[in-house]
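Protein chains in written order, with the working numbering: chain F, 265 to 421; chain V, 4 to 310.
As structure tokens, the structure follows; a few thoughts come after it.
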């Protein structure tokens with residue numbers, strides 16, 4: 265099996281590497297690049313735990329061939345933390361609202377919320393729920409997660 | 004992958020030995036020819052990757068068409084709307100042109116999977132996967148869409164009514180053909196369309212039933228001129244309910260005739276008993292409800308109400 269060259273932007277930094285043609289993005293991120301914030305839940309695009317942003321749009325990295333990100337930009341949950349180490353307001357809001365239980369779905373929830381707030385800073389409650397509809401949480405009733413996103417949007421003090 | 008997960012089914016790797024990103028259609032078709040029986044075309048891959056992992060399909064070579072030029076746009080040529088093979092569900096759901104001229108297709112596209120799936124999965128792929136209740140196949144069937152299949156020998160245009168063969172099977176010859184586009188005529192002023200979906204949840208769920216209708220009204224006579232009615236999953240392929248369409252043809256816009264059409268629609272349907280989608284009895288009842296509502300909604304969209 266031949267290896268192929270891949271170059272893309274990862275959390276704002278250029279990355280170049282060689283990989284085998286059967287590599288899926290989630291395995292590249294976790295096992296090759298060591299970014300374990302992206303979780304593997306179902307591995308078939310059902311649970312959303314593996315969500316990353318591809319050119320700003322949420323996608324499931326578990327069913328995305330890594331070679332598809334050639335020349336494109338990927339943001340993982342690690343990429344939300346600011347250079348000075350402080351958290352993104354959405355991350356802080358999840359902590360403040362108690363929106364994290366086991367935490368497995370949290371990166372997917374936060375990245376979907378990030379994509380929403382980047383294009384729509386003042387979403388309705390329905391729009392928030394819609395944007396999170398591709399991530400399954402098995403711990404909570406989703407209420408605090410929705411509240412955290414609304415808090416981050418400045419709609420709830 | 005961590006050893007703790009090795010025994011789970013999803014620990015399977017995908018059996019892919021080569022991955023190509025051709026830059027042109029001739030190059031992509033040449034690759035299919037080079038690996039007879041071993042290559043699969045991939046666009047979004049949201050169906051293919053899980054299928055490869057489950058070994059539901061076999062392939063050693065993926066030919067990724069996502070860099071082929073000119074296939075990722077929605078365009079209007081005269082009254083005809085054209086979707087390139089790389090147009091995603093998210094694009095269709097958000098397109099002002101599709102919302103205005105084919106709202107039923109936008110509604111169907113918005114119901115597929117989840118936001119993450121819709122950002123990647125293509126409408127062309129939804130057709131090729133050939134599920135009997137595919138959320139875009141059903142409205143495209145009601146819109147009387149056609150698909151263009153390209154091969155080294157040239158192109159052929161196939162009406163969607165002739166495209167589906169059985170569950171997961173179409174007339175597309177995947178060893179030498181690539182679906183390049185979808186086309187249909189947008190809704191005219193005396194037409195209305197609708198898409199309705201019965202499902203257990205609002206996201207990440209397959210539909211129990213899908214109905215889509217396009218009605219053409221004769222405004223002078225206040226009567227149905229033509230109606231196309233598509234349903235799924237009630238047969239091995241997305242289904243055109245032609246007996247129901249025949250009852251509506253030329254009929255006055257009454258609740259009575261819609262009830263008659265709904266009863267006729269169900270007569271040729273054979274929904275299976277399904278733990279996932281509900282019993283046959285339940286779904287036969289609900290088909291009639293969805294047919295009635297879809298025709299009424301389409302009429303409303305055309306600006307007509309019932310007597």
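Glycine included, C-beta positions come from ideal geometry on N, C-alpha and C.
The model shown is predicted, which means the values in this text are computed figures rather than measured ones.
Of the residues the options, the one placed nearest residue i, counting alpha carbons only
| i | options | result |
| --- | --- | --- |
| residue 292 of chain V | V/262, V/198 and V/304 | V/262 |
| residue 154 of chain V | V/171, V/173, V/161 and V/181 | V/181 |
| residue 72 of chain V | V/278, V/204 and V/30 | V/30 |
| residue 88 of chain V | V/295, V/208 and V/126 | V/126 |
| residue 312 of chain F | F/400, F/330 and F/292 | F/400 |
| residue 417 of chain F | F/406, F/299 and F/383 | F/383 |
| residue 17 of chain V | V/53, V/23, V/36 and V/250 | V/53 |
| residue 372 of chain F | F/302, F/351 and F/353 | F/302 |
| residue 368 of chain F | F/407, F/320, F/341 and F/389 | F/341 |
| residue 84 of chain V | V/169, V/147 and V/188 | V/188 |
| residue 370 of chain F | F/307, F/271, F/316 and F/329 | F/316 |
| residue 310 of chain F | V/208, V/185 and V/244 | V/208 |
| residue 407 of chain F | F/327, F/307, F/331 and F/365 | F/365 |
| residue 220 of chain V | V/109, V/309, V/59 and V/22 | V/309 |
| residue 323 of chain F | F/297, F/379 and F/385 | F/379 |
| residue 273 of chain V | V/62, V/104, V/240 and V/200 | V/240 |
| residue 82 of chain V | V/222, V/104, V/63 and V/245 | V/104 |
| residue 212 of chain V | V/197, V/237 and V/195 | V/237 |
CB contact below 9 Å: residue i versus chain F
| i | result |
| --- | --- |
| residue 206 of chain V | yes |
| residue 56 of chain V | yes |
| residue 351 of chain V | Lying before the first or after the last residue shown, residue 351 of chain V is absent from chain V, which here runs from 4 to 310. |
| residue 198 of chain V | no |
| residue 93 of chain V | yes |
| residue 139 of chain V | no |
| residue 53 of chain V | yes |
| residue 122 of chain V | yes |
| residue 242 of chain V | no |
| residue 76 of chain V | no |
Beta-ladder partner(s) of residue i, from DSSP
| i | result |
| --- | --- |
| residue 175 of chain V | Beta-bridge pairing links residue 175 of chain V to no other residue. |
| residue 116 of chain V | Residue 116 of chain V is not bridged to any residue. |
| residue 187 of chain V | V/84 |
| residue 282 of chain F | F/269 |
| residue 158 of chain V | V/153 |
| residue 233 of chain V | V/215 and V/243 |
| residue 399 of chain F | Residue 399 of chain F pairs with nothing; no bridge assigned. |
| residue 324 of chain F | F/315 |
| residue 227 of chain V | V/220 |
Buried/exposed call for residue i, threshold 16 Cβ in 10 Å
| i | result |
| --- | --- |
| residue 46 of chain V | buried |
| residue 395 of chain F | buried |
| residue 295 of chain F | exposed |
| residue 249 of chain F | Nothing about residue 249 of chain F can be read from this structure; chain F reaches only from 265 to 421. |
| residue 376 of chain F | buried |
| residue 276 of chain V | exposed |
| residue 267 of chain F | exposed |
| residue 119 of chain V | buried |
| residue 225 of chain V | exposed |
| residue 355 of chain F | buried |
| residue 420 of chain F | exposed |
| residue 286 of chain F | buried |
| residue 231 of chain V | buried |
| residue 36 of chain V | exposed |
| residue 203 of chain V | exposed |
| residue 332 of chain F | buried |
| residue 117 of chain V | buried |
9 Å Cβ cutoff, residue i in contact with chain V
| i | result |
| --- | --- |
| residue 379 of chain F | yes |
| residue 321 of chain F | yes |
| residue 384 of chain F | no |
| residue 266 of chain F | yes |
Cα-Cα separation between residue i and residue j, rounded to whole angstroms
| i | j | result |
| --- | --- | --- |
| residue 270 of chain V | residue 280 of chain F | 60 Å |
| residue 33 of chain V | residue 173 of chain V | 22 Å |
| residue 393 of chain F | residue 97 of chain V | 18 Å |
| residue 300 of chain V | residue 214 of chain V | 11 Å |
| residue 160 of chain V | residue 141 of chain V | 19 Å |
| residue 363 of chain F | residue 297 of chain V | 40 Å |
| residue 99 of chain V | residue 387 of chain F | 20 Å |
| residue 334 of chain F | residue 75 of chain V | 17 Å |
| residue 210 of chain V | residue 95 of chain V | 19 Å |
| residue 252 of chain V | residue 227 of chain V | 6 Å |
| residue 234 of chain V | residue 101 of chain V | 21 Å |
| residue 242 of chain V | residue 347 of chain F | 55 Å |
| residue 178 of chain V | residue 157 of chain V | 15 Å |
| residue 148 of chain V | residue 185 of chain V | 7 Å |
| residue 336 of chain F | residue 51 of chain V | 22 Å |
| residue 106 of chain V | residue 283 of chain F | 42 Å |
| residue 150 of chain V | residue 192 of chain V | 25 Å |
| residue 321 of chain F | residue 255 of chain V | 48 Å |
| residue 299 of chain F | residue 293 of chain F | 5 Å |
| residue 319 of chain V | residue 115 of chain V | Only positions 4 to 310 of chain V appear in this structure, which leaves residue 319 of chain V out of reach. |
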